[in-house]
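Using the working numbering, read the sequence shown as starting at 760 and increasing by one per residue.
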Amino acid sequence: MLLHVCFLLYHNASIFSLPFFFPVLEARIQQLQSDIVLDVQHAKVQLVNASKSGRGASSGKSPKNVSGWRTELLKVGQTGKGGGKDASAYKSRWMEKLIQEKTTKTKKLNLKKAKGKGKASKEPAPEFSELVQDNSEARMYEGVQLSVHCYLEACVFCGDIDRAQRLLLTHHRMISRRNLLNIGLYNVMMRVWAKKGSLNQIGRMFILVEEAGLKPNLTSYCAALECMGRTPNCSPKVINRVLRQMKEDGLCVEELFRLCVFRQDERDMVLRAIHTVEPDFQPSINTVLHTCSSPLVKDFYTERADAKYPKLAFSLEELRERFSRQLSMEQTSTITIHSVEAMKPEDEGPWWALLAEQRMVWHKALVGALRESNMILASITPKAVRLSLYPYLCLMDQKDYVDIMIQSLSNLPPSGESLHILAKELGNRVHNKFCIRMKSHNQMVDKLSHIYNEYAELLAKDSKDFDVLPRERWWKLEAEHSSGPSLLGDNTQWPHTVVVELGTYLVDLMVKHMKVNSDILNPANDRKFIPVLYHMYTFRSNKQVGFIKPHPILTQMQQDAMETTLTFDSYVMPMLCPPVPWTSAKFGAYLLTPTKMMRTVVGANQHEILLEKCQDADLHAVLDSLNQLGNAAWRINQPLLDIIISIFNDKGNEKLDIPPPNSEAPKILRYSQQDLATYSSAEKAHLKRELVKAKKKCSEMHSLRMDALYKLSIANHMRDEVFWFPHNMDFRGRTYPCPPYFNHLGSDVTRAILVFAEGKPLGPGGLKWLKIHLVNLTGLKKRSSLAGRLEYANTIMDDILDSADNPLNGKKWWQNADEPWQALACCMEIANAVRSPDPTHFISHFPVHQDGSCNGLQHYAALGRDVIGATSVNLIPCEVPQDVYSGVAQQVEEFRVRDSEKGLKIAQVLEGFISRKVVKQTVMTVVYGVTRYGGRLQIEKRLKEVDDFPKEYVWDASHYLVQQVFSSLKEMFTGTREIQDWLTESARLIAKSGNTVEWVTPLELREPDTVKQKNAFPPNFIHSLDSTHMMLTALYCYSAGLTFVSVHDCFWTHALTVDTMNKVCREQFVALHSQPILQELSNFLLQKYCSGLS
760 MLLHVCFLLY HNASIFSLPF FFPVLEARIQ QLQSDIVLDV QHAKVQLVNA SKSGRGASSG
820 KSPKNVSGWR TELLKVGQTG KGGGKDASAY KSRWMEKLIQ EKTTKTKKLN LKKAKGKGKA
880 SKEPAPEFSE LVQDNSEARM YEGVQLSVHC YLEACVFCGD IDRAQRLLLT HHRMISRRNL
940 LNIGLYNVMM RVWAKKGSLN QIGRMFILVE EAGLKPNLTS YCAALECMGR TPNCSPKVIN
1000 RVLRQMKEDG LCVEELFRLC VFRQDERDMV LRAIHTVEPD FQPSINTVLH TCSSPLVKDF
1060 YTERADAKYP KLAFSLEELR ERFSRQLSME QTSTITIHSV EAMKPEDEGP WWALLAEQRM
1120 VWHKALVGAL RESNMILASI TPKAVRLSLY PYLCLMDQKD YVDIMIQSLS NLPPSGESLH
1180 ILAKELGNRV HNKFCIRMKS HNQMVDKLSH IYNEYAELLA KDSKDFDVLP RERWWKLEAE
1240 HSSGPSLLGD NTQWPHTVVV ELGTYLVDLM VKHMKVNSDI LNPANDRKFI PVLYHMYTFR
1300 SNKQVGFIKP HPILTQMQQD AMETTLTFDS YVMPMLCPPV PWTSAKFGAY LLTPTKMMRT
1360 VVGANQHEIL LEKCQDADLH AVLDSLNQLG NAAWRINQPL LDIIISIFND KGNEKLDIPP
1420 PNSEAPKILR YSQQDLATYS SAEKAHLKRE LVKAKKKCSE MHSLRMDALY KLSIANHMRD
1480 EVFWFPHNMD FRGRTYPCPP YFNHLGSDVT RAILVFAEGK PLGPGGLKWL KIHLVNLTGL
1540 KKRSSLAGRL EYANTIMDDI LDSADNPLNG KKWWQNADEP WQALACCMEI ANAVRSPDPT
1600 HFISHFPVHQ DGSCNGLQHY AALGRDVIGA TSVNLIPCEV PQDVYSGVAQ QVEEFRVRDS
1660 EKGLKIAQVL EGFISRKVVK QTVMTVVYGV TRYGGRLQIE KRLKEVDDFP KEYVWDASHY
1720 LVQQVFSSLK EMFTGTREIQ DWLTESARLI AKSGNTVEWV TPLELREPDT VKQKNAFPPN
1780 FIHSLDSTHM MLTALYCYSA GLTFVSVHDC FWTHALTVDT MNKVCREQFV ALHSQPILQE
1840 LSNFLLQKYC SGLS
């Protein structure tokens, strides 16, 4: 199998002697798999690692080969307490399952061999089977280590040191569990004893480390030195022995201050200990700036003489004040804003008062229930390696947990929510709040404030110019202020199982203890209390899933109360100050809220592993592009927002993408048993289908309405603010704003109400670009030249001005555009410009878009050097812009005419029905791996939308057309299909050999394709090229002083700077595809998957 992989990669490498650029990626992807079992019993929810008992080795005595300095620590620190009581050791459940699974697989394999003699084996090669098994076992180890690590940290944070120590010792004394431990777990306790100045306990921990066969790392020695720094009159002899042992282990004292993460005054204590024996020692400050080695960005980093890095339109004092507001909001972790849906009634009705009263009752009940359950959990003696939720429930005040639960109740839809989703949301909120509290506890906030206040000088309009990038400036400031705690915290991401466990526990409390009077409007009549929430089951894709559904009384209370506020987590809001620049894969974006640079699905840590193995300099271009996108300041288009809100509160408008209120949803009819008895079976089945359809429609309408409500309410809250969107990315390098609800990647409505905070004069060509942009938004004149589009815009100026002046009562020309709200916003901007005294001096905040022409095919055409294909996607200059969809439709029509003349019936039936719309979706998705089967379904859907097309020929016609579309593309893009087939087949063989496909983008970003599917690699690879081009454009636009943002392959800037942006865009596309892309990819795959094989 492996030889086939190597032959394919080598053979196809010689086919494509085309430019490509991909450095070598050596990292191996692994995945976390937690060893946690759910155990829910009424008032307690515990994380269980239970199994049969068995006695492990005791750690009460020191081994004979303990180093002298460790023994010295035991002698020095006699005030420390001992290790803890003996506990029964248990054989781990996962190990038992692993052995059982291995036995079962061995039996099945032997059975297959016995039955299949003489048949070709479909199993991976033996070396790959061993590799997969090793990776699986490694993931199990990592899952246990992460769970124990988080548990220890939680215990330490809430002050339960004895519980943490007992757990570590229990694992250590059991040989089967000891093998699962890593040095990081022992370091957690070392840091605890270091804080307490207990040299005795530090010495014991080092003995345990040696017993476990582990090697102390920098953090271990850092804890030992910190403890010595806190110990009065600590013997210099002991300190020297520690430093000597570090050197023997290949560790340098300088690395302590460069690589270790310090909390509070730990750094000062370590220095105090070192100064005891080396009074003149001072840690060196690394001031050397390394740059990305990619030739694509060499000029960006080296030639800065002509760089015009943009400033913000704020003074230094204003930026610092904005930072204080953002910091305060994140420390609070939630924000309450006014809703745009309903204004508060003058006379508050009974439901409003009842809901407020009930919330107080529920809050009190939940606080009492949480306190009682915590007491029960605390009284339970931990057994073996069982991990309870108790420490996770003590990280905050009980009121904080209850506030989180009450907040989730307000966001629960009437149709209910999946238990898993609801639990995950609750658990994540607790984790985020814990991380913020941890940073405050570690005294990081003061240092962050000090550095940010100096960093703001780089962006403030009233400060001197700097010739450095935001990342470089922050890195330098952090190096200059190296004393005190580290800004890069070492908070460990909780395992997904812990997050869901904790959330499930909170949901369980809500279901059990939140009750309401069944006749709440007449409480004196009936004192029967019923649950507010119900745990139900439903089916999704033939799977039974738990569902939490609110009682109709709660839904009615929330609807009739007409509440005027919405509560959000602080991280869903745009930032009030420029984001913290990304300086590494682990630090950037929000001030306190933990944010990942790379978005990943739950449990997938391969990307993080690869990022950690990247050299810092290799990520600089990626980090700088994210910082550039995040530094773009925004504000609200208030006149347009007011129009949208007025329609939103006037029953909406589905044509304009303003969802109607729930009152407009179809009524769900109820039938009694007597009524149903009069219906036949067919009629009952019809009623059931109609009921399901009505419920589905109601649920969809509610979701759309709430989504619009959140977006518009956030926009209304920010209407007088300037704000920023911090950015991160996915594994392909595609960038996204971090705030999920309201951002410029949203719908037409959201994009229309966002404009740049900084305004620039239109200049001599700005008005022209506004008019062309308006025509582009209408969807008309796609085959016209830019001059033709400008001429068309000039002929409809009356309609443009009428739309701007009377958007709701005039001709309503704008409502027929493809993007109506953006078209209306552009009409208003053009009207304001032409009515100004001098349009060239008119200050415009409006973003003008330049969109790619089927961007995926552009990259394929450039890779394959397809002249015909490149022409159809506008890579070659033409007098008239080309439309690849119309081109494909035209060629398919030629094929149809040819076949019709030959007498093919279906070709004759299709006469007059082949259009751009019929083939567009298939052409667009071919580059993303759509198959002929999927393409046929797409075309079938389009044909069904054509009223005049005979329905009996839909299947035959779609089958015929998909073949002609693929044939047309193969003729237009001769190299595209060959490249796509090579990528697909390579991915198939690599996945079959037990590996995942990996590659490296031209900007040195390591890319793992974690989905072992052959069709996933080609589109993801093209997406990575697409994102690389965007990042290059962002960097060089920043160097030119432009405001630049992107929606993937659609680039935005001011009307004044469109020409400059277009020039940069073209230059970077050419530079990207001047690299030997395919050849380098082939070389990398050969080295990665075929090295060492003959």
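Ideal Cβ placement from N, Cα and C applies to all residues, glycine included.
Range covered by the beta strand (DSSP E) that runs through Gly1753
Element bounds for Gly1753: n/a, residue is neither H nor E.
Decide yes or no for the touch test of the segment 1403-1415 against the segment 1816-1830: beta carbon pairs closer than 8 Å, at least 3 of them.
no
Using C-beta distances below 6 Å, list every residue in its chain close to Asp1319, excluding the 5 sequence neighbours before and after it, in chain order.
Excluding residues within five positions, the ones whose Cβ falls inside 6 Å are Trp1110.
I think Phe1708 touches Phe1654, with their Cβ atoms under 8 Å apart; what is that distance to the nearest whole Å?
Not confirmed; about 18 Å, so no contact.
Which one of Val1724, Leu1125, Leu944, Pro1311 has the shortest CA to CA distance from Val1643?
Of the candidates Val1724, Leu1125, Leu944, Pro1311, the one whose C-alpha sits nearest the C-alpha of Val1643 is Val1724.
Looking only at its own chain, which residues have a Cβ that is under 6 Å from the Cβ of Ala953, when we skip the five neighbours before and after it?
Ala982, Glu985, Cys986.
Residues in the same chain with beta-carbon distance under 8 Å from Ser1462, minus the five sequence neighbours each way, listed in chain order, please.
If we look at Ser1462 and ignore the five residues flanking it on each side, its Cβ neighbours are Pro1172.
DSSP three-state call for His1034: helix, strand or coil?
helix
As assigned by DSSP and simplified to three states, the class of Thr1812
Annotated three-state conformation of Thr1812 is strand, per DSSP.
Here's a check: name, in chain order, each residue in its chain whose Cβ is nearer than 8 Å to the Cβ of Gln904, leaving out the five neighbours to either side.
Sequence-distant Cβ neighbours of Gln904 in its own chain, meaning closer than 8 Å and more than five residues away, are Leu939, Leu940, Asn941, Gly943, Leu944.
Own chain, CB closer than 8 Å to Phe1298, minus 5 neighbours either side, in chain order
Val1304
In whole angstroms, give me the CA-to-CA distance for Met1321 and Arg1464.
15 Å
Going by beta-carbon coordinates alone, are Asn1487 and Leu1549 separated by less than 8 Å?
no
Same chain, Cβ closer than 8 Å to Lys876, neighbours up to 5 away in sequence not counted
In this predicted model, Lys876 has a pLDDT of only 42, less than 50, meaning its place in the structure is not dependable enough to derive any value.
From the DSSP output, in three-state form, read off Gly1611 for me.
coil
For Arg1003, does the count of other Cβ atoms within 10 angstroms reach 16, so buried, or fall short, so exposed?
Label assigned to Arg1003: exposed.
Are Ile1559 and Leu1533 close, meaning C-beta to C-beta below 8 Å?
In contact: Ile1559 and Leu1533 (Cβ atoms closer than 8 Å).
Ignoring anything shorter than 3 residues, give me the beta strand (DSSP E) runs that lie fully in the segment 1066-1116, in order along the chain.
1093-1097
Within 8 Å, strictly: CB atoms of Pro1761 and Gln1834
yes
Run through DSSP, which three-state label would Glu1766 get?
Three-state result, Glu1766: strand.
Anyone know if the C-beta pair for Asn1390 and Leu1513 falls short of 8 Å?
no
Beta-carbon contacts of Gln1697 that lie in its chain and below 6 Å, excluding the five residues immediately before and after
Contacts found: Gln1680, Thr1681.
On the three-state DSSP scale, how would you describe Lys1530?
helix
How far does the beta strand (DSSP E) with Thr1324 in it reach, from first residue to last?
First-last of the beta strand (DSSP E) with Thr1324: 1324-1328.
Could you pull the DSSP bridge partners for Trp1758 from this structure?
Glu1766
Report the CB separation of Ile1836 from Leu1526 in whole angstroms; it is logged as a contact under 8 Å.
That pair is no contact at about 40 Å.
Given that a residue counts as buried once 16 or more other Cβ atoms are within 10 Å of its Cβ, and exposed if not, what is Tyr1430?
exposed
Count the other CB atoms within 10 Å of the CB of Met1477; is the residue buried (16 or more) or exposed (fewer)?
With 16 or more other Cβ atoms within 10 Å, it is buried.
In terms of DSSP beta bridges, what is Gly1305 paired with?
Tyr1296
Between Asp1507 and Asp1401, is the Cβ-Cβ spacing less than 8 Å?
no
Sort Trp1741, Pro1777, Asp1162, Ile1180 by Cα distance to Phe1306 and report the nearest one.
Among Trp1741, Pro1777, Asp1162, Ile1180, the Cα nearest to that of Phe1306 is on Ile1180.
Inspect the beta-carbon positions of Leu1335 and Val1804 and report whether they are closer than 8 Å.
no
Where do the ends of the alpha helix (DSSP H) carrying Ser1805 lie?
Segment 1804-1806 is the beta strand (DSSP E) holding Ser1805; no alpha helix (DSSP H) there.
Going along the chain, which unbroken runs of the alpha helix (DSSP H) with 4 or more residues stay wholly within the segment 1154-1232?
1157-1169, 1178-1200, 1203-1218
Exposed or buried, which one is Arg718 when buried takes at least 16 other CB atoms within 10 Å?
Residue 718 falls outside the range modelled here, since the chain spans only 760 to 1853, and no answer is possible.
Are the segment 1160-1171 and the segment 1258-1273 touching, with three or more C-beta to C-beta distances below 8 Å?
In short, these stretches touch, since the Cβ pair count reaches three.
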